[in-house]
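A.B. asks:
2 protein chains.
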Amino acid sequence: MSRLNELRLIARVAQMYHLEGRRQSDIAQHLRISQATVSRMLKKAQQEEIVRTTIVAPPGTYTDLESKLRERYGLSEAIVVECSEDRDGAIMARIGEAAAHFLEATLQSDEIIGVSSWSETILKMVQNIDPGKASKAKYIVQTLGGMGDPAVQTHATQLITRLARLTGAEPRLLAAQGVAQSREAKLVMLSDPYVRETMDLFPKITLAILGIGGIEPSSMLARSGNVFSSNELRDVTDAGGVGEFSLCFFDTEGRTVKTPLSDRVIGVSREELGQVERVVALAGGQSKANAIRGALCTGVIDLLITDKFTAARLTGAENSIVGEVEDEAV
Amino acid sequence: MSRLNELRLIARVAQMYHLEGRRQSDIAQHLRISQATVSRMLKKAQQEEIVRTTIVAPPGTYTDLESKLRERYGLSEAIVVECSEDRDGAIMARIGEAAAHFLEATLQSDEIIGVSSWSETILKMVQNIDPGKASKAKYIVQTLGGMGDPAVQTHATQLITRLARLTGAEPRLLAAQGVAQSREAKLVMLSDPYVRETMDLFPKITLAILGIGGIEPSSMLARSGNVFSSNELRDVTDAGGVGEFSLCFFDTEGRTVKTPLSDRVIGVSREELGQVERVVALAGGQSKANAIRGALCTGVIDLLITDKFTAARLTGAENSIVGEVEDEAV
DNA sequence: CTTATTAAAGAATATATATTCAGGAACAGG
DNA sequence: CCTGTTCCTGAATATATATTCTTTAATAAG
């Protein structure tokens, strides 16, 4: 019976503290007990579930999917964005916005940011950065050489340069092909002092921003400006490759898939990425689910920004998200 | 759109703080923002009602009735106890228990406690005090002389003495009649050095514990050991008197009701009670509702301990309490 | 193109809260 | 009737949190 009286007092203390917003010392004085006791009572109130705290996720946020992603793939953070339709265009736009906000909010001074230049999602991110909202970064480092068509290279250069301007950082471009014609050609390029200088920054990158690519010959070949032959791609898929970031290929379990191609890539290595403090991946869309899953299994990625549809596929919660869900195979 | 991204971040911060129990600085480090920002985000989360805190009153407690009592009568605190049946015996027992716990929990060292000796509810309180749980008080002061029958006087003395022992205090008895035969008889008693000594403590009382009495001739006369005549009581009721504490009579609005009787009472005055830091009243039961209402209106009482039925009557919430409610006139 | 004004953020700091510590009492087992 | 043990306090203190202050930059008005 006196337990009830004790709980009543605790409930009253909790009421004064949480609902009336009074200070503990004020409550203590009011009830002629010590502040320490009030603090202990409040702790007990939590334990006894006399106070219950609920987080109401704002509509359009997917706290649960984010939690599942974090737990399942050991991510440091996950951001799942609302997206009305499961179309790549819309998805990339939403992810880009979220990534831009994330960058604005959490960018620290003097960071060295590595960017794998030619992902469309990253482009969307850059387009959405509010100039001045992001604090000063030090360098924006291009972590992968350009691809084929000089026009595309220009885009990459512009993306890096623009991001550098937005963050007040110095751009460090990688004036080289992403994929050299041969191992020898790669060595030649590496001997270029400018290339070297940029690549020497790779181990100093504090924040890497990656796109994740799938390996469907069609898009891959197109994107790469026909640097790869169909045969080379088949080598990758034959070895189990399901996707890549910065042209580091991996299989479903996230294991590195090494092919002759690997030796020709000029860009940041998986090992170097593993050393980076924060690796952020931006990716979403039906076709990429498998690639993303593999990427997450590499353990390289700290933070994933994706859309709700992809998040649902990745967590096996296809049927639990609000709104229409397609039962696309994963 | 970026507002959503901001809210998402806030929700995540709230989640980490409230659900995962992480420190703000930890969260700040995790998200690469300053602790100050986390603090601000958490405040915003409250404002935006992303975090909702609820106090779940333990079953058997009546937070709502307590709030209403506090608000309606300007009480510092109110305690409403559970009580299965609306019977005076059960009610007094429950109130006594609650009062005992209250005293144990909130008694400070070196307090001077005034007790109006002959209320049965107070007796129940004393019976329920856990020896040693209450900290040391200084004096237990009897604030009203004994009533009629010497046997009853003995009870009063025992109550005071016992409470004194339980709290490690020194008992200060009022060796006098509660109601003198005449004004002259009162003056005689007041000249007694022991009586004087105790009464000199009245202004120094830091905590007064009162019972509240109604004025039905039957019980009142019985209780008083026929000190009052029916006529005297009629004087009181004719003047609008509805109740008393420490034989200070008042009407429905809490105004003092002064009759010739008043000059014969030997006990603490209403004015002296008004000066006391904490005045606790213990009272409940159908028959006393009106008296309690008047008592609360005097403004003398800081804290009321009562039962749920009485509380409901006092707040006009007869129909809103859980369980059976009698529609007794108030 | 200036010059207020506002907003937002982190560093420094003030304030509030949690925890450690020491003391006292109850209890159990010698 | 003693211990040793546990539990419970409040005082002192360590720690965490809120706020102030200052800087920076954006926006609006002149």
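Chains W and V, in that order, are what the protein sequence lines are. Counting along the first sequence from 1, when you hit position 35 you're at 35 in the numbering used here, and nothing is skipped either side. Counting along the second sequence from 1, when you hit position 213 you're at 213 in the numbering used here, and nothing is skipped either side. Every residue gets a Cβ at the ideal spot worked out from N, C-alpha and C, and that includes glycine.
CA-CA distance, residue 293 of chain V and residue 16 of chain W?
C.D. replies: The residue labelled residue 293 of chain V in the question sits at position 293 within the second sequence. The residue labelled residue 16 of chain W in the question sits at position 16 within the first sequence. Cα to Cα, residue 293 of chain V sits roughly 25 Å from residue 16 of chain W.
A.B. asks: Give, in chain order, every residue of the segment 93-117 of chain V whose Cβ lies closer than 7 Å to some Cβ of chain W.
C.D. replies: Cβ contacts with chain W come from 97, 98, 101, 105, 106 and 108.
A.B. asks: Measuring only the C-alpha atoms, how far is residue 399 of chain V from residue 303 of chain V?
C.D. replies: Lying before the first or after the last residue shown, residue 399 of chain V is absent from chain V, which here runs from 1 to 330.
A.B. asks: What are the residues that DSSP puts in a beta bridge with residue 145 of chain V?
C.D. replies: Counting from 1 along the second sequence, the entry for residue 145 of chain V is found at position 145. Paired residue(s): none; residue 145 of chain V is not in a bridge.
A.B. asks: Compare the C-beta of residue 45 of chain V against all C-beta atoms of chain W and say whether one is closer than 9 Å.
C.D. replies: Within the second sequence, the letter at position 45 stands for residue 45 of chain V. Yes, contact with chain W.
A.B. asks: Name the DSSP bridge partner or partners of residue 171 of chain W?
C.D. replies: Against the first sequence, residue 171 of chain W aligns to sequence position 171. DSSP, once it has assigned bridges, lists W:140 as partnering residue 171 of chain W.
A.B. asks: Pick from W:70, W:58 and W:104: whose alpha carbon is nearest that of residue 82 of chain W?
C.D. replies: Walking along the first sequence from the start, residue 82 of chain W turns up at place 82. Out of W:70, W:58 and W:104, W:58 has the C-alpha closest to the C-alpha of residue 82 of chain W.
A.B. asks: Can you tell me whether residue 283 of chain V is helix, strand or coil according to DSSP?
C.D. replies: Taking the first residue of the second sequence as 1, we reach residue 283 of chain V at position 283. Reduced to three states, the DSSP call for residue 283 of chain V is coil.
A.B. asks: Measuring only between beta-carbons, confirm whether residue 85 of chain V sits less than 9 Å from chain W.
C.D. replies: Within the second sequence, residue 85 of chain V is the residue found at index 85, counting from 1. No - not a single Cβ of chain W is within 9 Å of the one on residue 85 of chain V.
A.B. asks: Tell me whether residue 85 of chain V is buried or exposed, calling it buried when 16 or more other Cβ atoms sit within 10 Å of its Cβ.
C.D. replies: Position 85 of the second sequence, counted from the first residue, corresponds to residue 85 of chain V. Residue 85 of chain V is exposed by the Cβ-count criterion.
A.B. asks: Let me know if residue 96 of chain W comes out buried or exposed under the rule of 16 or more other beta-carbons within 10 Å of its beta-carbon.
C.D. replies: As a first step, residue 96 of chain W is located in the first sequence; it is residue number 96 there, counting from the start. The residue in question, residue 96 of chain W, is buried, as its Cβ has 16 or more Cβ neighbours within 10 Å.
A.B. asks: Identify the residues that DSSP records as bridge partners of residue 33 of chain W: which are they?
C.D. replies: For this step, residue 33 of chain W is matched to residue 33 along the first sequence. DSSP output for residue 33 of chain W lists no bridge partner at all.
A.B. asks: Output needed in chain order: residues of the segment 47-71 of chain V with a Cβ under 7 Å from some Cβ in chain W.
C.D. replies: From the segment 47-71 of chain V, only 49, 50, 51, 52, 53, 54, 55, 56, 57, 58, 60, 61 and 63 have a Cβ closer than 7 Å to chain W.
A.B. asks: Does the contact criterion of 3 or more C-beta pairs under 8 Å hold for the segment 53-67 of chain W versus the segment 23-35 of chain W?
C.D. replies: These segments do not touch.
A.B. asks: Is residue 297 of chain V helix, strand or coil when you go by DSSP?
C.D. replies: Here the question's residue 297 of chain V lines up with position 297 in the second sequence. Of the three classes helix, strand and coil, the one that applies to residue 297 of chain V here is helix, per DSSP.
A.B. asks: Can you tell me where the beta strand (DSSP E) with residue 263 of chain W in it begins and where it stops?
C.D. replies: Taking the first sequence and counting its residues from 1, one reaches residue 263 of chain W at position 263. First-last for residue 263 of chain W: undefined, no H or E at that position.
A.B. asks: For residue 79 of chain V, which residues in chain W fall below 9 Å Cβ to Cβ?
C.D. replies: For the purposes of this step, residue 79 of chain V is identified with residue 79 of the second sequence, where counting begins at 1. The contacting residues are 5, 8, 9 and 12.
A.B. asks: Using only alpha-carbon positions, find the residue among W:41, W:176, W:285 and W:309 that is nearest to residue 193 of chain W.
C.D. replies: As a first step, residue 193 of chain W is located in the first sequence; it is residue number 193 there, counting from the start. If we check each option's Cα against that of residue 193 of chain W, W:176 comes out closest.
A.B. asks: Tell me the residue span of the beta strand (DSSP E) that contains residue 57 of chain V.
C.D. replies: Locating residue 57 of chain V in the second sequence gives position 57, where the first residue counts as 1. Segment: none, residue 57 of chain V is in no beta strand (DSSP E) and carries neither H nor E.
A.B. asks: Mark residue 65 of chain W as exposed unless 16 or more other C-beta atoms lie within 10 angstroms of its C-beta, in which case mark it buried.
C.D. replies: Numbered from its first residue, the first sequence carries residue 65 of chain W at position 65. Looking at its Cβ environment, which holds 16 or more other Cβ atoms inside 10 Å, residue 65 of chain W is buried.
A.B. asks: Just the chain V side, please: which residues come within less than 7 Å of residue 32 of chain W by C-beta, in chain order?
C.D. replies: Taking the first residue of the first sequence as position 1, residue 32 of chain W is located at position 32. Here the neighbours are 106 and 108.
A.B. asks: What's the gap between the Cα of residue 70 of chain V and the Cα of residue 308 of chain V?
C.D. replies: Sequence index remark: in the second sequence, residue 70 of chain V carries index 70 (1-based). Sequence index remark: in the second sequence, residue 308 of chain V carries index 308 (1-based). Rounded to the nearest angstrom, the two C-alpha atoms are 14 Å apart.
A.B. asks: Is the shortest distance between the beta-carbon of residue 321 of chain W and the beta-carbons of chain V less than 9 Å?
C.D. replies: In the first sequence, residue 321 of chain W corresponds to position 321, counting from 1. Low confidence applies to residue 321 of chain W: its pLDDT is 49, below 50, so where it sits in the model is not reliable, and the reading given next is rough at best. Not an interface residue.
A.B. asks: Report yes or no: is there a C-beta of chain W within less than 9 Å of the C-beta of residue 40 of chain V?
C.D. replies: Residue mapping note: residue 40 of chain V aligns to position 40 of the second sequence, counting from 1. It does not; no Cβ of chain W falls within 9 Å.
A.B. asks: Hey, is residue 287 of chain V's beta-carbon within less than 9 Å of any beta-carbon in chain W?
C.D. replies: Walking along the second sequence from the start, residue 287 of chain V turns up at place 287. With 9 Å as the cut-off, residue 287 of chain V does not count as an interface residue toward chain W.
A.B. asks: Tell me which residues share the same chain as residue 211 of chain W and place their Cβ nearer than 8 Å to its Cβ, disregarding the 5 neighbours each side in the sequence.
C.D. replies: By one-based count along the first sequence, residue 211 of chain W stands at place 211. Same-chain partners within the cutoff: 116, 118, 119, 120, 121, 122, 245, 281, 282 and 283.
A.B. asks: Count the other CB atoms within 10 Å of the CB of residue 110 of chain V; is the residue buried (16 or more) or exposed (fewer)?
C.D. replies: In the second sequence, residue 110 of chain V corresponds to position 110, counting from 1. Label assigned to residue 110 of chain V: exposed.
A.B. asks: Count the C-beta pairs between the segment 161-168 of chain W and the segment 124-134 of chain W that are closer than 8 Å, then say yes if the count reaches three, no if not.
C.D. replies: With the cut-off at 8 Å, the segment 161-168 of chain W and the segment 124-134 of chain W touch.
A.B. asks: What in chain V is Cβ-close to residue 18 of chain W, meaning under 9 Å?
C.D. replies: Position 18 of the first sequence holds residue 18 of chain W. Correct list: 53, 54 and 55.
A.B. asks: For the alpha helix (DSSP H) holding residue 121 of chain W, just list the boundary residues, first then last.
C.D. replies: Taking the first residue of the first sequence as position 1, residue 121 of chain W is located at position 121. Looking at the DSSP string, the run of the alpha helix (DSSP H) that includes residue 121 of chain W is 120-128.
A.B. asks: Can you tell me the Cα-Cα spacing of residue 291 of chain W and residue 305 of chain W, whole angstroms?
C.D. replies: Residue 291 of chain W sits at position 291 when you count from the first residue of the first sequence. Residue 305 of chain W sits at position 305 when you count from the first residue of the first sequence. Approximately 14 Å between the Cα atoms of the pair.
A.B. asks: Under 6 Å Cβ to Cβ from residue 25 of chain W, same chain only, skipping five residues before and after it: list those, please.
C.D. replies: Translated into the one-based positions of the first sequence, residue 25 of chain W becomes position 25. Cβ neighbours of residue 25 of chain W beyond the five flanking positions: 35.
A.B. asks: Straight-line CA distance for residue 240 of chain V to residue 230 of chain V?
C.D. replies: As a first step, residue 240 of chain V is located in the second sequence; it is residue number 240 there, counting from the start. As a first step, residue 230 of chain V is located in the second sequence; it is residue number 230 there, counting from the start. Cα-Cα distance, rounded: 15 Å.
A.B. asks: Indicate the three-state DSSP secondary structure (helix, strand or coil) for residue 80 of chain V in the structure shown.
C.D. replies: For the purposes of this step, residue 80 of chain V is taken as residue 80 along the second sequence, with counting starting at 1. Strand.
A.B. asks: Starting from the beta carbon of residue 15 of chain W, find every residue of chain V whose beta carbon is closer than 7 Å, and list them in chain order.
C.D. replies: Residue numbering aside, residue 15 of chain W sits at position 15 when the first sequence is read from its first letter. Here the neighbours are 55 and 63.
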